[in-house]
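Peer 1: Okay, here's the structure, questions in a sec.
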Amino acid sequence: MYDLIRELREGMSVLEIDFLPFLTALIVVANGVLAFLLLIGKIKPQKHLLILQIVVIIPTCLLLYQMLFNSTVSCT
Numbered sequence: 147m148y149d150l151i152r153e154l155r156e157g158m159s160v161l162e163i164d165f166l167p168f169l170t171a172l173i174v175v176a177n178g179v180l181a182f183l184l185l186i187g188k189i190k191p192q193k194h195l196l197i198l199q200i201v202v203i204i205p206t207c208l209l210l211y212q213m214l215f216n217s218t219v220s221c222t
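Heads up: the sequence shown runs through residues 147 to 222, numbered per the numbering used here.
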């Protein structure tokens, strides 16, 4: 997200921006909103929604583990 904002401020056109990180962040945020709606009861739990959450949560956890513990710029 920070790279996307930086690229837009530097005057890059929309066609030059790498959208894969933006799309990944958008999916993670959408999953958080979906989880919140499931938690407060606005939408009922359905099998395909729960499978979607699992498919998003597992890679996100693996990426966070990779960044925190196996990175050369580790936060620990």
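Glycine included, each C-beta is placed from N, C-alpha and C at the ideal position. Since this is a predicted model, take the numbers as computed values, not measurements.
Is Met158 helix, strand or coil by DSSP?
Peer 2: Met158 falls in the coil class under three-state DSSP.
Peer 1: Within this structure, are the beta carbons of Gln212 and Asn177 separated by less than 8 Å?
Peer 2: No; because the gap between Cβ atoms is not below 8 Å, this pair is not in contact.
Peer 1: Hey, out of Val202, Leu208, Asn216, Leu210, whose CA is closest to Leu169's CA?
Peer 2: Nearest of Val202, Leu208, Asn216, Leu210 to Leu169, Cα basis: Val202.
Peer 1: Is Ile189 close to the ligand NAD? I mean its beta-carbon at under 7 Å from any heavy atom of the ligand.
Peer 2: The model depicted lacks the ligand NAD and carries no ligand whatsoever.
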